[in-house]
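Asks: Take this structure, written in structure tokens, and hold onto it; I'll ask about it next.
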Amino acid sequence: MRLKFVFGGVEHSVNTIMEFIKDGNTNFWNEPFFHFYPDIEKDRFFQCQTMKNINF
Amino acid sequence: MSDDEKHKFLTNYFSALYKKNKSLLREKLLKYNSYWQKYESQIVTALQEAFGINLDDVFSDLVCYTSFCPVCPRYLDRNCFNNFYLESEKGALGTALHEIIHFVWFHVWHETFRDDYVEYETPHLKWILSEMVVEPIMRDDRLGGINPYYADKSCVYFYFYTMKIDGKSILDTLYKMLKSMPMCDFMKAGYKYCVEHEAEIRKHIEDSENTFG
Numbered sequence: 069m070r071l072k073f074v075f076g077g078v079e080h081s082v083n084t085i086m087e088f089i090k091d092g093n094t095n096f097w098n099e100p101f102f103h104f105y106p107d108i109e110k111d112r113f114f115q116c117q118t119m120k121n122i123n124f
Numbered sequence: 252m253s254d255d256e257k258h259k260f261l262t263n264y265f266s267a268l269y270k271k272n273k274s275l276l277r278e279k280l281l282k283y284n285s286y287w288q289k290y291e292s293q294i295v296t297a298l299q300e301a302f303g304i305n306l307d308d309v310f311s312d313l314v315c316y317t318s319f320c321p322v323c324p325r326y327l328d329r330n331c332f333n334n335f336y337l338e339s340e341k342g343a344l345g346t347a348l349h350e351i352i353h354f355v356w357f358h359v360w361h362e363t364f365r366d367d368y369v370e371y372e373t374p375h376l377k378w379i380l381s382e383m384v385v386e387p388i389m390r391d392d393r394l395g396g397i398n399p400y401y402a403d404k405s406c407v408y409f410y411f412y413t414m415k416i417d418g419k420s421i422l423d424t425l426y427k428m429l430k431s432m433p434m435c436d437f438m439k440a441g442y443k444y445c446v447e448h449e450a451e452i453r454k455h456i457e458d459s460e461n462t463f464g
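Chains as they are written, first to last, in the numbering used here: chain H, 69 to 124; chain Y, 252 to 464.
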């Protein structure tokens, strides 16, 4: 058995995050993300209809 | 926002974060790999004894992708999993231990039962059992002793620590079973126990998740 730690890249991170914050997931799954990135406001993230409405 | 808009927003956000944290990430990876190397032999020995297999010729290509996502999934088909970039080297080792127990568990499980890999994922009961058994296996001091999440009672989902069946901690019950029989027998007995108590197990998980946060 061998293990290596490598940086997964931005795209990998975003894809993983998207899995956990998708619609229908409970707070249990999406709360950690918003806890560690408090400048991304959860309610606004889910409610804003277009990118133009977001000014984090 | 649509999913595409969310993806675009997050890509911009984390591209900027990556630029700011390139050197931190480099340092973290050096520490993670070095700390893992320090304990690799101890971990392999403990897992080989726990599962009764030789790990020399399996999982020679495990990769941990350090990520900006604070939740750490594993991908059985690709021999990889994630950890969070803000973890210390001790935390990263703890995350790796948790995930590697899953890999070895399902390797032995599949060799034994030859069932469908789909059942190894949420929300199947086999997935739930695999998440529970991490804690009893981690009670080996060679594993739990180097995992800060074990000491902190957070090496498995929090609701397993409060889950009781017939007034007894399910983790304690599984530990007793684990210590009293070979791993393959434990897998059968543990799964049978979960099937018998499936409704209670699922209700506790659902209630806990719904009242989280």
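From the three backbone atoms N, C-alpha and C, an ideal C-beta is built for every residue, glycine too.
List the residues of chain H that tyrosine 368 of chain Y touches, going by C-beta distances under 7 Å, in chain order.
Replies: Residues of chain H passing the Cβ test: none, with the nearest at roughly 18 Å.
Asks: To the nearest angstrom, report how far apart proline 387 of chain Y and lysine 439 of chain Y are at their CA atoms.
Replies: 16 Å
Asks: Run the CB neighbour count on valine 446 of chain Y, radius 10 Å, all protein chains shown included, and call it buried at 16 or more, exposed below.
Replies: exposed
Asks: Hey, how far is the Cα of leucine 261 of chain Y from the Cα of serine 381 of chain Y?
Replies: When the Cα atoms are used, leucine 261 of chain Y and serine 381 of chain Y turn out to be separated by approximately 31 Å.
Asks: Between glutamate 99 of chain H and chain Y, is there a C-beta pair that is closer than 8 Å?
Replies: With its beta carbon less than 8 Å from one in chain Y, glutamate 99 of chain H belongs to the interface.
Asks: Ignoring anything shorter than 4 residues, give me the alpha helix (DSSP H) runs that lie fully in the region 362-441 of chain Y, in order along the chain.
Replies: 376-389, 392-395, 399-402, 409-412, 421-431
Asks: Looking at chain H, is there any beta carbon in it that lies within less than 8 Å of the beta carbon of phenylalanine 364 of chain Y?
Replies: no
Asks: Return the CA-CA distance between arginine 390 of chain Y and glutamate 372 of chain Y, expressed in angstroms with no decimal places.
Replies: 24 Å
Asks: Can you tell me which of the three DSSP states phenylalanine 357 of chain Y falls into?
Replies: helix
Asks: From alanine 450 of chain Y to serine 266 of chain Y, what does the alpha carbon distance come to, in whole angstroms?
Replies: Each residue's CA atom was taken as its position, placing alanine 450 of chain Y and serine 266 of chain Y some 44 Å apart.
Asks: Let me make sure I understand the geometry here. Which of Y:Leu376, Y:Asp367, Y:Asp403 has the alpha-carbon closest to that of lysine 197 of chain Y?
Replies: Since the first and last residues shown for chain Y are 252 and 464, residue 197 of chain Y lies out of range.
Asks: Okay, do the region 315-333 of chain Y and the region 77-92 of chain H touch, 3+ Cβ pairs below 8 Å being the bar?
Replies: yes
Asks: Can you pull the chain Y neighbours of glycine 92 of chain H, defined as C-beta to C-beta under 7 Å?
Replies: Within 7 Å Cβ-Cβ: nothing; glycine 92 of chain H doesn't reach chain Y, min ~12 Å.
Asks: Determine whether the beta carbon atoms of tyrosine 336 of chain Y and threonine 363 of chain Y lie at a separation below 8 Å.
Replies: no
Asks: Once DSSP output is grouped into helix, strand and coil, what is the label at asparagine 123 of chain H?
Replies: Residue placement at asparagine 123 of chain H cannot be trusted, given a pLDDT of 46 that sits under 50; the coordinates are not used to answer.
Asks: Per the DSSP calculation, threonine 470 of chain Y is bridged to which residue(s)?
Replies: In the structure displayed, chain Y extends from 252 to 464; residue 470 of chain Y sits before or after that span and is not available.
Asks: Using C-beta distances below 7 Å, list every residue in its chain close to tyrosine 408 of chain Y, excluding the 5 sequence neighbours before and after it, in chain order.
Replies: Glu382
Asks: By Cβ distance below 8 Å, which residues in the same chain neighbour phenylalanine 73 of chain H in space, the five residues on each side in sequence not counted?
Replies: There are no such residues.
Asks: Is it buried or exposed for leucine 344 of chain Y, if we count other Cβ within 10 angstroms and need 16 for buried?
Replies: buried
Asks: Using three-state DSSP, classify tyrosine 290 of chain Y as helix, strand or coil.
Replies: helix
Asks: If you reduce the DSSP assignment to three classes, tell me which class tyrosine 105 of chain H lands in.
Replies: coil
Asks: Given a cut-off of 8 Å, decide if tyrosine 410 of chain Y and isoleucine 456 of chain Y are closer than it, judged by their beta-carbon atoms.
Replies: yes
Asks: Who pairs with tyrosine 326 of chain Y in a beta bridge, going by DSSP?
Replies: In DSSP, tyrosine 326 of chain Y forms a bridge with Y:Cys331.
Asks: Evaluate aspartate 463 of chain Y with the Cβ neighbour count: other Cβ atoms within 10 Å of its Cβ, from every protein chain shown; 16 or more gives buried, anything less gives exposed.
Replies: Per the sequence presented here, residue 463 of chain Y reads as phenylalanine, with aspartate not at that position. Per the 10 Å Cβ criterion, exposed.
Asks: Between phenylalanine 113 of chain H and the rest of its own chain, which residues show a CB-CB distance below 7 Å, the 5 nearest in sequence each way excluded?
Replies: Contacts found: none.
Asks: Between which two residues does the alpha helix (DSSP H) containing valine 461 of chain Y stretch?
Replies: The amino acid occupying residue 461 of chain Y in the given sequence is asparagine; valine does not appear at that position. Run containing asparagine 461 of chain Y: 449-461, per the alpha helix (DSSP H) assignment.
Asks: So that I know if they touch, is there some Cβ in chain Y lying closer than 8 Å to that of lysine 72 of chain H?
Replies: yes
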